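Student:
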Amino acid sequence: MPFDLAFFRTPFALDHQNVYWTLALGVLAMAGLKHFEKPDGSASWKGLLCAAGCTLAALLACTDYDGSGVLIICALYLTRGDRKRQCIVGALLFLFELTAPLAFVLVWFYNGQRGACSPLQKKAFYWFYPVHLSVLAAVTNLIL
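Quick note, in our numbering, the sequence shown goes up one by one and the last residue is 440.
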């Protein structure tokens with residue numbers, strides 16, 4: 297709701313959905329890929345069909361990044377066993393975002409271990425997105 301208020305000045309805008317919808321469809325696509333995975337760990341046609349369905353749903357729902365967001369999530373999932381390939385594929389797929397390929401430098405050096413995070417930091421990260429969008433919505437409505 298804060299996303300729609302901040303950008304469309306309405307509580308619910310059916311013609312555009314925020315990135316959480318893209319992420320949810322990406323998780324659903326990964327679940328389908330995993331569920332229908334072949335015994336050797338490679339993707340099956342049923343899993344790819346599930347991923348394509350989630351991509352189409354993202355297009356129809358007008359989510360952030362449209363279907364390309366779900367495709368990128370699937371590509372990163374399918375290359376999860378090879379960090380070098382994952383970084384190359386991810387950087388190439390994100391070329392439409394000027395600085396996004398630079399994020400894969402951090403992925404390359406990630407050691408696979410979760411860093412320390414206090415309960416306060418955890419709550420701050422959890423609340424940042426809706427709070428900053430609510431502030432943007434308030435400022436937008438005050439100015440316009």
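Built from N, CA and C at the ideal position, the CB exists for glycine as well.
Note that this is a predicted model, so its numbers are computed, not measured.
#1: Based on DSSP bridge pairs, tell me the residues matched to glutamine 313.
#2: Just reading off the alpha helix (DSSP H) that leucine 398 is part of, what are its end residues?
#3: What did DSSP end up calling aspartate 300 once you bin it into helix, strand or coil?
#4: So, for valine 427: in the same chain, excluding its five sequence neighbours on each side, which residues have a beta-carbon less than 7 Å away from its beta-carbon?
#5: So alanine 339 packs on glutamate 333, CB below 8 Å; how close in whole Å?
#6: For valine 323 and valine 431, what's the separation of their Cα atoms in angstroms?
#7: Short check: CB of leucine 329 to CB of leucine 388, under 8 Å?
#8: For arginine 305 and cysteine 350, I'd like the C-alpha separation in whole angstroms.
#9: So for asparagine 407, helix, strand or coil by DSSP?
Tutor: So, from the listed chains and residues:
#1: Position 17 of the sequence shown, counted from the first residue, corresponds to residue 313. Per DSSP, Thr359.
#2: Within the sequence shown, residue 398 is the residue found at index 102, counting from 1. Here leucine 398 belongs to no alpha helix (DSSP H), and DSSP marks it neither H nor E.
#3: Along the sequence shown, one-based indexing puts residue 300 at 4. Per DSSP, reduced to three states, the secondary structure at aspartate 300 is helical.
#4: Along the sequence shown, read from residue 1 onward, the residue named residue 427 stands at position 131. Spatial neighbours of valine 427 in its own chain (CB-CB distance under 7 Å, excluding positions within 5 residues in sequence) are not present.
#5: Sequence index remark: in the sequence shown, residue 339 carries index 43 (1-based). Sequence index remark: in the sequence shown, residue 333 carries index 37 (1-based). With a beta-carbon spacing of about 7 Å, alanine 339 and glutamate 333 fall inside the 8 Å limit used to define contacts.
#6: Counting from one through the sequence shown, the residue named residue 323 turns up at place 27. Counting from one through the sequence shown, the residue named residue 431 turns up at place 135. Approximately 28 Å between the Cα atoms of the pair.
#7: As a position in the sequence shown, residue 329 is number 33, starting the count at 1. As a position in the sequence shown, residue 388 is number 92, starting the count at 1. No, they are not a contact pair.
#8: In the sequence shown, residue 305 corresponds to position 9, counting from 1. In the sequence shown, residue 350 corresponds to position 54, counting from 1. Here the alpha carbon of arginine 305 sits roughly 28 Å from the alpha carbon of cysteine 350.
#9: Looking up residue 407 in the sequence shown gives position 111. If DSSP states are grouped into helix, strand and coil, asparagine 407 belongs with coil.
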